[in-house]
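Visitor:
In structure tokens, the structure reads:
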């Protein structure tokens with residue numbers, strides 16, 4: 024960490040302070056010849072095992088270590104990874120991958136068996152992998168994982184030979200190649216797991232096939248990865264070592280960024296945006312992000328079993344006001360459940376009142392409430408839940424104020440994250456804040472949340488037979504316009520029924536030092552370190 | 004003396020038992036479990052996860068299993084940090100908290116006693132009020148305001164010190180957290196010293212010493228201070244335990260891998276075993292420190308004898 | 220002394236002595252300028268808090284969409300500016316005063332009631348009972364206090380009433396120890412013996428003789444506990460476990476303001492000044508009380 028000065032003070036002061044600071048910081052600069060990157064990650068990973076994680080912050084560390092069949096380029100697009108090429112059968116259900124010749128960081132070759140081993144392990148019920156459901160696109164995966172079928176050999180994946188992997192899917196799945204970039208599909212070193220059991224992920228024993236390997240993990244201090252010399256593309260990797268700091272206190276991390284101790288901060292605190300735009304405009308990177316912020320309405324209980332009430336509440340929210348005045352970080356108002364630009368979906372199915380001027384919407388909402396027998400003489404009292412966070416609080420306060428115009432009294436109820444989701448999953452709520460970040464770039468990943476078969480993740484308890492039928496047909500339709508149409512129709516139904524009120528689409532908010540090169544904003548907010556470099 | 008110590012230690016075992024039991028059952032009463040999160044676990048997976056951690060066994064069985072584990076030195080796995088056992092987390096966290104907390108207490112004792120003595124010697128004069136007012140800024144400003152303020156001034160604007168980060172415990176990384184942690188304690192210790200010193204200075208034996216013609220400084224340092232420090236010493240016991248088990252605010256803001264956050268984050272994450280480990284550490288520490296305090300008391304106050 | 224007053228002196232000398240002690244103390248307290256100024260200042264703050272709705276045209280939960288995070292603005296009667304949601308900070312600071320002071324006083328009252336009763340009984344009855352009761356206190360002391368409060372908040376929810384109880388339930392321990400210590404030193408005094416000899420039941424001795432005489436240190440400790448409780452509540456707010464919106468406390472306001480130190484300093488400065496002033500006042504009053512009640516001081 025050299026005496027890196029932030030862009031805040033006049034040049035002469037900078038030089039003087041730089042000299043002084045340099046003297047103070049000199050011992051730290053000893054290893055400055057190696058290119059090091061310092062990243063403020065938004066949380067501490069639960070583990071380094073790709074089969075037991077589910078957070079974006081874990082993806083950053085693990086995704087730098089392992090290489091899936093496909094992987095993300097610097098701009099987030101899908102490129103070949105461990106697989107050099109692949110072919111698809113005519114009916115779209117059988118994929119054959121040709122693996123490239125490469126090894127784990129200890130020299131052992133990476134073979135198709137490593138993938139078979141990994142996918143069987145994650146779907147094995149005893150592993151209790153939290154995110155195994157992502158692989159349910161593979162034949163028999165769901166049945167095996169839920170325990171209704173025995174014998175992992177039945178899983179639709181096999182190693183034809185050391186360098187060829189054959190995968191059979193349940194249905195033709197257009198987003199399958201994209202899905203393979205996700206950490207649930209990463210290979211793991213079979214030889215290490217067989218040798219060390221659960222200890223295979225210990226830094227020191229850990230081997231990886233990606234650009235970096237974790238060598239040190241001091242919990243709540245930092246995780247340090249160094250370059251993997253045996254990475255197939257190591258020659259193009261510019262950064263030698265990267266440290267990830269768990270920076271839950273966003274403001275403290277921003278201060279570190281300003282002092283030059285951190286090169287990249289993921290997810291800075293929204294309330295800093297005005298200051299950042301003014302003082303660090305080049306470093307402030309905001310980009311659309313595939314995710315939706317919404318309020319789930321518990322359709323199982325009155326008054327939310329009434330469509331009129333749900334629509335009224337949805338109409339009364341001034342999304343532009345929230346985005347422009349309260350959040351101010353460039354979130355886009357959401358009038359659909361699927362963010363525009365998802366996959367090849369085009370324009371999503373918006374609500375039909377999207378272009379109605381706000382005062383008109385308020386009037387219409389009042390009418391709807393009166394129809395539902397909640398006029399001024401019988402005002403609604405509802406409870407609005409959110410989990411602890413500055414943004415959730417601000418949005419809830421704003422929405423409550425907006426609903427007050429309808430005569431609705433919303434009681435704000437904040438709980439910590441565990442209680443919040445526990446109650447949501449038990450259906451013990453009236454209105455609750457929720458969010459969904461896409462696992463892969465396809466509208467199905469959003470729309471499935473409202474299918475009856477989805478289970479607890481369908482917080483609203485929404486169940487519409489027509490919706491389910493359309494989504495089911497779309498699952499089996501294979502790529503193309505027909506599938507898109509089916510999903511559009513389904514979304515239109517959901518936007519009419521309004522079990523979940525969309526508020527805004529997410530944006531990614533990061534701070535990137537000007538010394539970092541190779542950073543490209545993208546809707547997945549994935550920036551693998553192998554494509555980055557630093558010029559200090 | 005050693006019999007006294009042995010007796011005290013033996014008597015503390017039932018205390019520890021009660022604490023473990025209370026903490027264990029209170030944690031379980033709290034709604035929500037370690038595996039509730041934004042992406043809901045499918046019911047079958049959840050069943051497997053709970054089984055893996057023995058969380059589906061009857062509560063009393065879990066309690067017994069935990070207790071027998073602890074007696075053998077096994078604090079169990081962390082529910083949140085899957086790659087670490089609670090023992091490992093405590094082993095890395097405790098030294099960090101000890102370093103920061105220990106230095107903070109030393110600083111607080113030195114400065115606090117000094118300020119309190121000065122204030123007591125000039126009781127009710129301007130110096131007294133000024134010194135006490137300065138000392139009290141430590142408690143008038145909550146540490147979650149003081150810490151960011153310090154990092155802004157010394158880390159960002161002046162760049163004299165790192166804003167945050169542990170750096171393996173390097174001295175530069177310790178300065179700000181130690182100061183931030185010590186400030187409230189300086190206030191309490193200064194006020195305690197002042198109050199107690201004032202009382203002692205009026206005591207008979209001090210009057211005797213003065214009447215004997217001893218120099219004021221000897222009177223104060225050799226005679227009055229010893230007696231005056233008694234309340235401070237008893238305060239230091241629990242205060243040290245608190246500081247050493249870390250402050251979650253300081254640890255979060257300065258990025259220190261201590262165990263203070265385990266109390267708060269552990270409770271909020273429902274990481275049962277980690278919280279229990281932290282609670283046990285704290286209880287053991289308090290018991291030991293109280294013992295030390297009582298022994299020191301015996302040294303300072305000739306009227307107290309430990310048998 | 221007349222026969223009547225002598226009789227009074229025999230039956231309840233503690234009351235007479237108590238009264239003159241308090242009068243004496245009151246005189247000394249009022250002579251302490253810092254303490255006097257503090258009491259006046261506190262009274263002003265309390266008055267402001269009570270009259271809050273009358274002092275500002277803005278309701279404490281009204282959102283002003285066009286004046287979000289605006290600096291102090293006399294034209295619109297936003298004397299302290301607005302917060303991140305566009306709500307007037309002046310009126311919210313005063314409402315925050317209500318919550319912070321209420322929590323401070325009520326939690327201390329809870330700890331007072333429990334602590335004094337516990338300590339007086341333990342100290343006076345002595346023997347096995349004393350041992351058991353103080354053992355309980357020792358055990359409770361070894362529980363990490365913050366964790367306990369957090370657990371209580373988590374288990375029982377975040378109703379404002381529960382905050383008093385949760386904090387009070389942890390603060391009573393030191394109070395009990397102090398009261399017990401004081402009781403022990405009073406136990407041997409003659410007026411207690413006299414009361415016992417006169418056949419006054421134990422319960423009455425405790426309530427009418429012991430407790431009034433231990434109140435000196437207790438009152439001092441109370442005024443010093445209130446600021447501690449206010450700080451604990453502010454820490455809970457910082458963690459997100461304080462009062463529910465739209466209610467607020469100084470701690471919650473300060474936690475929000477600390478994040479905006481540079482871009483919106485008014486959000487921090489005003490509530491923090493109120494908090495600091497109030498804490499100073501309580502501490503000066505406490506010190507003054509202690510000086511005033513200590514008979515050996517000049």
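Residue numbers (our numbering), protein chains in the order written: chain G, 24 to 559; chain W, 4 to 310; chain X, 220 to 517. C-beta: ideal position from N, C-alpha, C; glycine also.
Anything in chain X within Cβ reach of residue 411 of chain G, meaning under 7 angstroms, just list it in chain order.
Guide: As a first step, residue 411 of chain G is located in the first chain; it is residue number 388 there, counting from the start. 459, listed in chain order.
Visitor: Taking contact to mean 3 or more Cβ pairs, one atom from each stretch, closer than 8 angstroms, check whether the stretch 155-170 of chain G and the stretch 235-254 of chain G are in contact.
Guide: Contact fails: fewer than three Cβ-Cβ distances are below 8 angstroms.
Visitor: Alpha carbon to alpha carbon, how far is residue 250 of chain W from residue 485 of chain X?
Guide: Sequence index remark: in the second chain, residue 250 of chain W carries index 247 (1-based). Sequence index remark: in the third chain, residue 485 of chain X carries index 266 (1-based). Going from the Cα of residue 250 of chain W to the Cα of residue 485 of chain X covers about 27 angstroms.
Visitor: Looking only at C-alpha atoms, which of G/322, G/289 and G/557 sits nearest to residue 308 of chain G?
Guide: As a working mapping, residue 308 of chain G is identified with position 285 in the first chain. Residue G/289 is the option with its Cα nearest to residue 308 of chain G.
Visitor: Of all the residues that make up the stretch 372-394 of chain X, which are near chain W by a beta-carbon distance shorter than 8 angstroms?
Guide: Under the 8 angstroms Cβ criterion, the stretch 372-394 of chain X contributes 373 and 374.
Visitor: Rounded to whole angstroms, what is the Cα-Cα separation between residue 368 of chain G and residue 197 of chain G?
Guide: Here residue 368 of chain G is taken as the residue at index 345 of the first chain, counted from 1. Here residue 197 of chain G is taken as the residue at index 174 of the first chain, counted from 1. Cα to Cα, the separation comes out at about 12 angstroms.
Visitor: Using only the alpha-carbon positions, how far apart do residue 353 of chain G and residue 530 of chain G sit?
Guide: By one-based count along the first chain, residue 353 of chain G stands at place 330. By one-based count along the first chain, residue 530 of chain G stands at place 507. Those two C-alpha atoms are separated by around 7 angstroms.
Visitor: Are the CB atoms of residue 505 of chain X and residue 442 of chain X within a distance shorter than 8 angstroms?
Guide: Counted from its first residue, the third chain places residue 442 of chain X at position 223. Counted from its first residue, the third chain places residue 505 of chain X at position 286. Contact flag set, yes.
Visitor: Please confirm if residue 208 of chain W has its CB atom under 8 angstroms from at least one CB of chain X.
Guide: Mapped onto the second chain, residue 208 of chain W falls at position 205. Chain X contact via Cβ: absent.
Visitor: Say whether chain W places a C-beta atom closer than 8 angstroms to the C-beta of residue 363 of chain X.
Guide: Taking the third chain and counting its residues from 1, the one referred to as residue 363 of chain X is at position 144. It does; some Cβ of chain W falls within 8 angstroms.
Visitor: According to DSSP, is residue 52 of chain G part of a helix, a strand, or is it coil?
Guide: One-based indexing of the first chain puts residue 52 of chain G at position 29. Its pLDDT being 44, under 50, residue 52 of chain G is placed unreliably in this model, and the coordinates cannot settle the point.
Visitor: Assign residue 314 of chain G to one of three DSSP states: helix, strand, or coil.
Guide: Stepping through the first chain from its first residue, residue 314 of chain G is reached at position 291. Strand.
Visitor: Between the stretch 135-149 of chain W and chain X, which residues of the former have a C-beta closer than 9 angstroms to a C-beta of the latter?
Guide: Correct list: 135, 136, 139, 140, 142, 143, 144, 145, 146, 147 and 148.
Visitor: Would you report the Cα separation of residue 547 of chain G and residue 93 of chain G, rounded to the nearest angstrom?
Guide: Here the question's residue 547 of chain G lines up with position 524 in the first chain. Here the question's residue 93 of chain G lines up with position 70 in the first chain. Going by the C-alpha atoms only, they are around 15 angstroms apart.
Visitor: Give the secondary structure of residue 537 of chain G by DSSP, where H, G and I count as helix, E and B as strand, and everything else as coil.
Guide: By 1-based counting over the first chain, the position of residue 537 of chain G is 514. Reduced to three states, the DSSP call for residue 537 of chain G is coil.
Visitor: With 16 other CB atoms within 10 Å as the buried threshold, where does residue 54 of chain G fall?
Guide: Here the question's residue 54 of chain G lines up with position 31 in the first chain. Note that residue 54 of chain G scores a pLDDT of 46, beneath 50, so its modelled location is shaky and nothing firm can be said.
Visitor: Quick one: Cα of residue 500 of chain G to Cα of residue 85 of chain G, how far?
Guide: Along the first chain, read from residue 1 onward, the residue named residue 500 of chain G stands at position 477. Along the first chain, read from residue 1 onward, the residue named residue 85 of chain G stands at position 62. Using only the alpha carbons, I get a separation of about 34 angstroms.
Visitor: Entirely within the stretch 157-234 of chain G and at least 4 residues each: give me those alpha helix (DSSP H) ranges in chain order.
Guide: With a minimum length of 4 residues, the continuous alpha helix (DSSP H) runs that stay inside the stretch 157-234 of chain G are 164-169, 199-202 and 213-219.
Visitor: If residue 88 of chain W and residue 80 of chain W are in contact, beta carbons under 8 angstroms, what's the gap, nearest whole angstrom?
Guide: As a first step, residue 88 of chain W must be located in the second chain, where it is residue number 85. As a first step, residue 80 of chain W must be located in the second chain, where it is residue number 77. Correct: roughly 5 angstroms between the Cβ atoms.
Visitor: Can you tell me whether residue 44 of chain W is helix, strand or coil according to DSSP?
Guide: On the second chain, position 41 is the one that residue 44 of chain W refers to. Looking at residue 44 of chain W - three-state DSSP - the assignment turns out to be coil, as it is neither helix nor strand.
Visitor: Pick out whichever of G/81, G/225, G/465 and G/537 has its Cα sitting closest to the Cα of residue 201 of chain G.
Guide: Here residue 201 of chain G is taken as the residue at index 178 of the first chain, counted from 1. Ranking the options by Cα distance to residue 201 of chain G, first place goes to G/465.
Visitor: Could you check the C-alpha separation between residue 515 of chain G and residue 373 of chain G for me, to the nearest Å?
Guide: To locate residue 515 of chain G, count along the first chain from 1; it is residue 492. To locate residue 373 of chain G, count along the first chain from 1; it is residue 350. For residue 515 of chain G and residue 373 of chain G, the distance between alpha carbons rounds to 7 angstroms.
Visitor: Using C-beta distances below 8 angstroms, list every residue in its chain close to residue 22 of chain W, excluding the 5 sequence neighbours before and after it, in chain order.
Guide: Residue numbering aside, residue 22 of chain W sits at position 19 when the second chain is read from its first letter. Counting only Cβ-Cβ distances below 8 angstroms, and skipping sequence neighbours, we find 282, 283 and 286.
Visitor: Just to confirm, are residue 177 of chain X and residue 384 of chain X a CB contact at a threshold of 8 angstroms?
Guide: Any property of residue 177 of chain X remains undetermined from this structure, which presents chain X solely from 220 to 517.
Visitor: Please tell me whether residue 471 of chain X and residue 482 of chain X are closer than 8 angstroms, where the distance is taken between their beta carbons.
Guide: As a position in the third chain, residue 471 of chain X is number 252, starting the count at 1. As a position in the third chain, residue 482 of chain X is number 263, starting the count at 1. Cβ distance not < 8 angstroms, so residue 471 of chain X and residue 482 of chain X don't count as in contact.
Visitor: Taking the continuous alpha helix (DSSP H) assigned at residue 146 of chain W, which residues delimit it?
Guide: On the second chain, position 143 is the one that residue 146 of chain W refers to. 146-153 is the extent of the alpha helix (DSSP H) around residue 146 of chain W.
Visitor: Mind pulling the chain G residues with CB within less than 7 angstroms of residue 256 of chain W?
Guide: Within the second chain, residue 256 of chain W is the residue found at index 253, counting from 1. Correct list: 272 and 275.
Visitor: Of all the beta strand (DSSP E) runs that stay within the bounds of the stretch 403-479 of chain G, which reach a length of 3 or more residues?
Guide: Runs found: 404-410, 432-438 and 454-460.
Visitor: Starting from residue 61 of chain G, trace the beta strand (DSSP E) in both directions and tell me its first and last residue.
Guide: Here residue 61 of chain G refers to the residue found at position 38 of the first chain. Run containing residue 61 of chain G: 59-64, per the beta strand (DSSP E) assignment.
Visitor: Checking 8 angstroms against the spacing of the C-beta atoms, do residue 2 of chain G and residue 357 of chain G come in under that value?
Guide: Examination of residue 2 of chain G is not possible in this model, given that chain G is present from 24 through 559 alone.
Visitor: So does the stretch 141-150 of chain W actually touch the stretch 181-194 of chain W, counting three or more Cβ pairs closer than 8 angstroms?
Guide: Yes, since at least three Cβ pairs between the stretch 141-150 of chain W and the stretch 181-194 of chain W fall closer than 8 angstroms, the two stretches touch.
Visitor: Hey, would you say the C-beta of residue 218 of chain G is under 7 angstroms away from at least one heavy atom of the ligand NAP?
Guide: This structure lacks the ligand NAP; in fact it carries no ligand of any kind.
Visitor: When burial is assigned at 16 or more other CB atoms within 10 Å of the CB, is residue 10 of chain W buried or exposed?
Guide: By one-based count along the second chain, residue 10 of chain W stands at place 7. Exposed, since its Cβ has fewer than 16 Cβ neighbours within 10 Å.
Visitor: Determine the closest residue to residue 338 of chain G out of G/362, G/453, G/420 and G/520, with distance taken between C-alpha atoms.
Guide: Position 315 of the first chain, counted from the first residue, corresponds to residue 338 of chain G. Comparing Cα positions, the closest option is G/520.
Visitor: From residue 440 of chain G to residue 411 of chain G, what does the alpha carbon distance come to, in whole angstroms?
Guide: Mapped onto the first chain, residue 440 of chain G falls at position 417. Mapped onto the first chain, residue 411 of chain G falls at position 388. Roughly 7 angstroms separates the two Cα atoms.
Visitor: Would you please state the rounded distance, in angstroms, between the beta carbons of residue 253 of chain G and residue 126 of chain G? I believe it to be under 8 angstroms.
Guide: Position 230 of the first chain, counting from 1, holds the residue named residue 253 of chain G. Position 103 of the first chain, counting from 1, holds the residue named residue 126 of chain G. With a Cβ gap of about 5 angstroms, residue 253 of chain G and residue 126 of chain G count as contacting.
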